[in-house]
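K.L.:
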Amino acid sequence: MFKKIILGTLLGLALASPGVSSADVSLLNVSYDVTREFYKDYNAKFAGYWREKTGQTVAVQQSHGGSTKQARSVIDGLEADVVTMNQQTDIDAISAIGKLIPADWRRLLPHQSSPYSSTIVFLVRKGNPKGIKDWNDLARSGVSVIIPNPKTSGNGRYSYLGAYGYALKKQGGDDAQARAFVGKVFKNVPVLDTGGRGATTTFIQRGIGDVLLTFESEVLLIQQESGGAKFDVVVPSLSIEADAPVAVVEKYASKHKTQQVAQAYLEYLYQAEGQELIAKHFFRPRDAAVAARYSGRFPKIPLFTVDELFGGWQKAQQTHFADGGVFDQIYEGKKPGTGV
Amino acid sequence: MAPFFRRRHRVLPGFGLTLGFTVFYLSVIVLIPLSTLFIKTASLSWGEFWNVIGSARVLAAFKLSFLASLVAASINTVFGLLVAWVLVRYNFPFKRIIDGLVDLPFALPTAVAGIALTSLYSGNGWLGSFFESYGIKTAYSPLGIVIALTFIGLPFVVRTVQPILADLPAENEEAAACLGAGRLKTFWKVLLPELKPALWTGFALAFARALGEYGSVVFISGNMPMKTEITPLLIMTKLDQFDYAGATAIAVLMLVVSFLILLFINLINWRTHRILAPR
Amino acid sequence: MGAAIGLLAKTKEVPRTRATTESWLVRLALIALALTFLFFFLLIPLVEVFQKAFEKGLGAYWQAIQDPETRSAIRLTLITAGIAVPLNLFFGLVSAWAIAKFEFRGKNLLITLIDLPFSVSPVISGMIYVLLFGTQGLLGPFLVEHDIKIIFTPVAIVLATIFVTFPFVSRELIPLMQAQGREEEEAAMTMGAGGLRTFFKITLPNIKWGLLYGVILCNARAMGEFGAVSVVSGHIRGLTNTMPLQIEILYNEYQFVPAFAVASLLALLALFTLAAKGIVEWRSNKS
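Chains as they are written, first to last, in the numbering used here: chain A, 176 to 515; chain B, -4 to 274; chain C, 245 to 531.
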């Protein structure tokens, strides 16, 4: 009897759970952490555009979380129509492990399916008391650096690869030198927060560290919120391009019969209105005209990509961030591999 | 009923029914879902399994998690008893409200607790700066982890001891007093033995809860590998690499070890209980 | 049934003679020590939460909890606790009866298994349901075939919540019922009372405070659980976010006032259940 009660309640909940919305179509956009503000605005804009074009009302539901965690949820059955991530490996995983997205997803939309990008810059305390100008200053003794944990956060990974790439390019070093350099930088990290926004809190609210490394979009947002009174932005001599790949989750979209609107949703990101909104939210637009209009916002930095220097994300992930990889070796001493 | 159970005359009804339901519900809610951990881990070979759990990083995290949980649970046992005692026996202003506050650690989402504690105990928080002036680093050190774990485990001992303490008959204490025992002696010889099962239970629960805690600790610990990195965080990093089997391997080991510790505690508890109150 | 009445009376405040209480100095010292401990570990974090919640005044607080997404999170949390707590309450009573009133082999094993959900990391508590119901999980192919969605729906949230709050009532009652023994129930049974009647008339009054504490703890945890729920929820805004998840979202959006406002609501819910306990206590003392 109790079994019946349990089953009954669960069944009732299951029936009540699917999102019954009054819209003609609804989309689920599974995204990473720091895009909430952007997609809130974008969804409203897209809904207007879509109504004008087709007469349909569209409701876009949002889910946000750590990029990799979100990818895992999609693989495990979170039925997203579109995914908008901050790292290609996450969409690759949905494609390879979940078999939900065609393997050539990068070719389905312009710019390797990434409608905007960002980069890693520095935020220092007002007046820059430690005189931090470039990546090599991060390795100086006595400088305290806040970087989120590369094992659990996208901007931690980009920051790490940025430092590594700097050593390869600027110091003309080889891998061994780059490793030593990155090791020195991370020796200066007193706290490894699990997420980007946690690191921001540590730097701003706890007052720990001389410099915070995070996405340019985050840094500009902080500057806007705090009115630029407490912090200065430091732009290094070069940095890493952090692109934000997007894809339609073919399998779920076809199940929900939403391929068309999902595709349009992503394509609209590349159009002038979408790009404008992107720039407004401090992400670097791809559209030249929009970029020119917002050029004051985005300093010109020579950017290198993960593909250029690290042979693609898959390889970078394997060499640097997998268990026993280069990053782990910084903390575990010089032991190669995962051996005991 | 099989001969597995000691046959004796039972006056009370419902043994088969209640035990049956207990086992059924336990299986559906706990055992079957937990078995997936073992199934997933079984996809690893022994070598791979040892590789995962035998690495220096994992061992350091294990040591930290167990030690910090042990310390936190011990603090909670001593102070939990004290708090329960004061709440049950004495009257003072705002007692009701304070009684209510005891449950707060459960009601507060662990992430909020972690954020609140970190802002209090970090170098520029007012408790943190106080400790720092004596050269003690609280947040971002093992001590910070102990603080967070003490916070989240606090209600267990208080709430297990409270009802028993309230129910203790006054006669025993009166008898002890008549026989000339002082209060302290009465406490040690008469009250404490009665409270022991509840104290052990509270300790076990607080310890077990502390072991697996993730949300509050990641904020305050600083997560430095080999130093302040807890085991649940390692599980998370494995998951972020889509390494489900590696994650479940660590989880399984944690589960087995804490199961053994809990079993051990329950056994002692049961034995002392039997000696005290033979039925 | 005289014994039962005797025990009931005992749960009331017993006027203590000088021989069975401590000198005022000791009492004061103990109270001071306990309060100091609670001050540092409970009160200050709580004050911190409320202070942050009201930082921008009452208006901002009110606005924060009016937000539709927050509202739906509150609703989901209440529904979840409303299902999980009664189920675990019932289980607690049944299992405590079996364990405390009877002797059988394997009892310690059973108790330890009941404890287990506490020692499982919340992350894992969520993950096991993903491993079970996820598309890549054990039952995944079956569920996909029949188009049954469990994971990333409120059903999964309820299941995970039941799991993490599983032991509360049971573990609260077992030591209590063991301490009370079974003589009273046996007496009632031999006097001809039925099983259920004995339970409601003898056992329940004896354990009611323990039961209440168990329910309160269970409820508080059910509403406050973050880790496990976070893994199985899917974080769809307005649909599968519970209050703790909503707090995290708000906090990560740098909306500190709304985040702590929702957190303070959770704390208030806990205090609310306690007020309810106070009323029950007061009424039972009166009658």
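All residues carry an ideal CB built from backbone N, CA and C; glycine is no exception.
Just so it is clear, the structure is predicted and the values come from calculations on it, not from any experiment.
Thinking C-alpha only, which one of A/R247, A/T232, A/A255 and A/G499 is nearest C/R481?
P.N.:
The residue given as residue 481 of chain C occupies position 237 in the third sequence. C/R481 has its Cα closest to that of A/A255, out of A/R247, A/T232, A/A255 and A/G499.
K.L.:
Below 8 Å between beta carbons: does that hold for C/V364 and C/V413?
P.N.:
As a working mapping, residue 364 of chain C is identified with position 120 in the third sequence. As a working mapping, residue 413 of chain C is identified with position 169 in the third sequence. It is not a contact, given that the beta carbons lie outside the stated cut-off.
K.L.:
What residue from C/E428, C/I323, C/L515 and C/D311 has the CA that sits closest to C/I446's CA?
P.N.:
Position 202 of the third sequence, counted from the first residue, corresponds to residue 446 of chain C. Selected option, being the one with the closest Cα: C/E428.
K.L.:
When Cβ atoms are compared, which residues of the segment 494 to 522 of chain C fall closer than 7 Å to chain A?
P.N.:
N496, E497 and Y498
K.L.:
Would you give the residue range spanned by the alpha helix (DSSP H) that C/F335 belongs to?
P.N.:
For this step, residue 335 of chain C is matched to residue 91 along the third sequence. That run of the alpha helix (DSSP H) goes P312 to K345.
K.L.:
Would a C-beta distance cut-off of 8 Å place A/V421 and A/L313 closer than the cut-off?
P.N.:
Numbered from its first residue, the first sequence carries residue 421 of chain A at position 246. Numbered from its first residue, the first sequence carries residue 313 of chain A at position 138. No, these two residues do not count as a Cβ contact at 8 Å.
K.L.:
Could you tell me if C/H390 is buried or exposed, where buried requires 16 or more neighbouring beta carbons within 10 angstroms of its beta carbon?
P.N.:
Counted from its first residue, the third sequence places residue 390 of chain C at position 146. Exposed is the call here.
K.L.:
Which residues, in chain order, does the segment 262 to 285 of chain A contribute to contact with chain B at a C-beta distance below 7 Å?
P.N.:
A268 and I272
K.L.:
Give the secondary structure of A/G500 by DSSP, where H, G and I count as helix, E and B as strand, and everything else as coil.
P.N.:
What you label residue 500 of chain A is simply residue 325 of the first sequence in a count that begins at 1. In the structure shown, A/G500 sits in coil (DSSP, three-state: anything other than H, G, I, E or B).
K.L.:
Since B/F202 and B/L65 are thought to touch, with beta carbons under 8 Å apart, how far apart are those beta carbons, to the nearest angstrom?
P.N.:
Taking the second sequence and counting its residues from 1, the one referred to as residue 202 of chain B is at position 207. Taking the second sequence and counting its residues from 1, the one referred to as residue 65 of chain B is at position 70. About 7 Å; that satisfies the 8 Å criterion.
K.L.:
Which of the three DSSP states, helix, strand or coil, is assigned to A/Q489?
P.N.:
As a working mapping, residue 489 of chain A is identified with position 314 in the first sequence. Reduced to three states, the DSSP call for A/Q489 is helix.
K.L.:
Leaving out five residues before and five after B/A134 in sequence, what residues of the same chain have Cβ atoms less than 6 Å from its Cβ?
P.N.:
Your numbering for residue 134 of chain B matches position 139 in the second sequence. Correct list, in chain order: T113, Y116, S117, G123 and I215.
K.L.:
With DSSP as the reference, identify every bridge partner of A/V258, one or two as the case may be.
P.N.:
Along the first sequence, one-based indexing puts residue 258 of chain A at 83. According to DSSP, which records beta bridges pairwise, A/V258 is partnered with A/V205 and A/A422.
K.L.:
I'd like to know if the segment 343 to 362 of chain C and the segment 418 to 426 of chain C are in contact, where contact means that at least 3 CB-CB pairs between them fall below 8 Å.
P.N.:
yes
K.L.:
Short of 7 Å in beta carbon distance, which residues of its chain neighbour A/L190, apart from the five on each side in sequence? Order them along the chain.
P.N.:
Here the question's residue 190 of chain A lines up with position 15 in the first sequence. Unreliable placement is indicated for A/L190, whose pLDDT of 44 sits below 50; the coordinate value is still reported in the next sentence. Hits under 7 Å: none found.
K.L.:
Mind checking which residues open and close the beta strand (DSSP E) that includes A/D535?
P.N.:
Residue 535 of chain A lies beyond the range of chain A shown here (176 to 515); nothing can be said about it.
K.L.:
Would a check of beta-carbon distances place C/R481 closer than 8 Å to chain A?
P.N.:
Locating residue 481 of chain C in the third sequence gives position 237, where the first residue counts as 1. Yes, C/R481 lies at the interface with chain A (some Cβ there is under 8 Å from its Cβ).
K.L.:
Around the C-beta of C/E469, are 16 or more other C-beta atoms found within 10 angstroms, so that it is buried, or is it exposed?
P.N.:
As a first step, residue 469 of chain C is located in the third sequence; it is residue number 225 there, counting from the start. Per the 10 Å Cβ criterion, buried.
K.L.:
Counting only C-beta atoms, is A/N324 closer than 8 Å to chain B at any point?
P.N.:
As a position in the first sequence, residue 324 of chain A is number 149, starting the count at 1. It does; some Cβ of chain B falls within 8 Å.
K.L.:
Can you check which of these residues, C/Q310, C/V399 and C/A273, is closest to C/A328 by C-alpha distance?
P.N.:
As a position in the third sequence, residue 328 of chain C is number 84, starting the count at 1. Comparing Cα positions, the closest option is C/V399.
K.L.:
Distance cutoff 8 Å, beta carbons only. Does B/Q157 sit that close to anything in chain A?
P.N.:
Within the second sequence, the letter at position 162 stands for residue 157 of chain B. Any Cβ of chain A closer than 8 Å to the Cβ of B/Q157 would place that residue at the interface, and such an atom is absent.
K.L.:
Between the segment 349 to 369 of chain A and the segment 322 to 336 of chain A, are three or more C-beta pairs nearer than 8 Å?
P.N.:
Counting C-beta pairs closer than 8 Å gives three or more between the segment 349 to 369 of chain A and the segment 322 to 336 of chain A, which meets the contact rule.
K.L.:
Within the continuous alpha helix (DSSP H) that includes A/A447, where are the two ends?
P.N.:
If you number the first sequence from 1, residue 447 of chain A lands on position 272. Residues A447 to K455.
K.L.:
Note down, in chain order, each residue of its chain lying with its Cβ closer than 7 Å to the Cβ of A/I181, except the 5 sequence neighbours on either side.
P.N.:
For the purposes of this step, residue 181 of chain A is taken as the residue at position 6 of the first sequence. Interpretation of A/I181 is limited by its pLDDT of 48, a score under 50 that renders its predicted location unreliable; the figure taken from the coordinates is listed afterwards. Answer for A/I181: no residue qualifies.
K.L.:
Quick check on the DSSP output: the alpha helix (DSSP H) that includes C/Y498 runs from which residue to which?
P.N.:
Within the third sequence, numbered from 1, the residue matching residue 498 of chain C stands at position 254. Where C/Y498 is concerned, there is no enclosing alpha helix (DSSP H), given that its DSSP letter is neither H nor E.
K.L.:
Check whether chain C comes within 8 Å of A/K178, counting only Cβ atoms and requiring the distance to be less than that.
P.N.:
For the purposes of this step, residue 178 of chain A is identified with residue 3 of the first sequence, where counting begins at 1. In this prediction, A/K178 has a pLDDT of 47, which is less than 50 and means its spatial position is unreliable; nothing more can be read from the coordinates.
K.L.:
Give the straight-line distance between the Cα atoms of A/T210 and C/M487, rounded to the nearest whole angstrom.
P.N.:
By 1-based counting over the first sequence, the position of residue 210 of chain A is 35. By 1-based counting over the third sequence, the position of residue 487 of chain C is 243. Going from the Cα of A/T210 to the Cα of C/M487 covers about 21 Å.
K.L.:
So the candidates are C/V388, C/G454, C/R426 and C/M435; which of them puts its Cα closest to the Cα of B/T159?
P.N.:
In the second sequence, the residue the question calls residue 159 of chain B occupies position 164. Reading the sequence as shown, one finds Ile at residue 159 of chain B and not Thr. Answer by Cα proximity: C/G454.
K.L.:
Taking C-beta pairs closer than 7 Å, name the residues in chain B that C/G471 reaches, listed in chain order.
P.N.:
Numbered from 1 along the third sequence, position 227 holds the residue referred to as residue 471 of chain C. Within 7 Å Cβ-Cβ: T105, Y209 and G210.
K.L.:
Quick one: Cα of B/P8 to Cα of C/G439, how far?
P.N.:
Taking the first residue of the second sequence as 1, we reach residue 8 of chain B at position 13. Taking the first residue of the third sequence as 1, we reach residue 439 of chain C at position 195. Each residue's alpha carbon lies about 6 Å from the other.
K.L.:
Would you identify the three-state DSSP class for A/Q237, choosing helix, strand or coil?
P.N.:
Residue numbering aside, residue 237 of chain A sits at position 62 when the first sequence is read from its first letter. The answer is strand: DSSP assigns A/Q237 an E or B state.
K.L.:
Verify whether the separation of the beta carbon atoms of A/V357 and A/I307 is less than 8 Å.
P.N.:
In the first sequence, residue 357 of chain A corresponds to position 182, counting from 1. In the first sequence, residue 307 of chain A corresponds to position 132, counting from 1. It is not a contact, given that the beta carbons lie outside the stated cut-off.
K.L.:
Nearest-angstrom Cα distance between B/L138 and A/P477?
P.N.:
Here residue 138 of chain B corresponds to residue number 143 of the second sequence, with the count starting at 1. Here residue 477 of chain A corresponds to residue number 302 of the first sequence, with the count starting at 1. About 44 Å.
K.L.:
Look at the alpha carbon of C/I392 and the alpha carbon of A/Q434, and state the distance between them as a whole number of angstroms.
P.N.:
Here the question's residue 392 of chain C lines up with position 148 in the third sequence. Here the question's residue 434 of chain A lines up with position 259 in the first sequence. So the two alpha carbons sit approximately 22 Å from each other.
K.L.:
My assumption, with CB atoms under 8 Å, is that C/S369 sits in contact with C/F407. Please give the rounded CB distance.
P.N.:
As a first step, residue 369 of chain C is located in the third sequence; it is residue number 125 there, counting from the start. As a first step, residue 407 of chain C is located in the third sequence; it is residue number 163 there, counting from the start. About 5 Å separates the two Cβ atoms, so the contact holds.
K.L.:
According to the neighbour-count rule (16 or more other Cβ atoms, all chains shown, within 10 Å of its Cβ), is C/E299 buried or exposed?
P.N.:
The residue labelled residue 299 of chain C in the question sits at position 55 within the third sequence. It is exposed - the Cβ of C/E299 has fewer than 16 other Cβ atoms within 10 Å.
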